[in-house]
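Here is the structure we will look at.
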């Protein structure tokens, strides 16, 4: 499945939820589904700058695909990073760079999150793009 299909499927899933309370509950459910980042990966190098909560994002390349592992010390933020991992992990660096994060606006996250959380989400997406660009340059 392409990254754009993953984004569209996520938007469809959230649009079926009747209100923002339901959407927040789904984000919390994603937080619970996220595989915890091993403690040895919770390093300063993997810390996302620009988040008020602690967020760690680790990336590695396997068979040409970028695999993201992530975690946060705040449940809602953990859900947000889980949402990003769900969309971006398992795709090539070029696919990631070619797919603008428009789905965030389509989900309404940019207007329904507090300014701090919205800034943190932007910082997480930026870090994902930096990793993808680094893998592209390396290849």
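Residue numbers (the working numbering): 579 to 717.
Every residue, glycine too, gets a C-beta built ideally from N, C-alpha and C.
| residue 635 bridges to which residues according to DSSP? | 648
| task | Please classify residue 616: is it buried, with 16 or more other beta-carbons within 10 angstroms of its beta-carbon, or exposed? | result | Exposed, by the Cβ-count rule.
| query | Just how far apart, CA to CA, sit residue 714 and residue 592? | reply | 31 Å
| message | Determine whether the beta carbon atoms of residue 721 and residue 644 lie at a separation below 8 Å. | response | Within the shown structure, residues of the chain are numbered from 579 to 717, placing residue 721 beyond reach of any answer.
| Would you call the CB atoms of residue 642 and residue 670 closer than 8 Å? | yes
| field | Rounded Cβ spacing between residue 633 and residue 702 (contact assumed at less than 8 Å) | value | The beta carbons of residue 633 and residue 702 sit about 6 Å from each other, so the pair counts as a contact at 8 Å.
| Out of curiosity, what's the CA-to-CA distance linking residue 696 and residue 581? | If I take the Cα positions, the gap works out to 22 Å.
| If you draw a straight line from the C-alpha of residue 638 to the C-alpha of residue 651, how long is it? | Near 22 Å, if we compare the C-alpha coordinates of residue 651 and residue 638.
| query | Span of the alpha helix (DSSP H) holding residue 697? | reply | For residue 697, the uninterrupted alpha helix (DSSP H) run begins and ends at 693-716, by DSSP.
| Residue ranges of each beta strand (DSSP E) within the segment 594-634, 3 or longer | none
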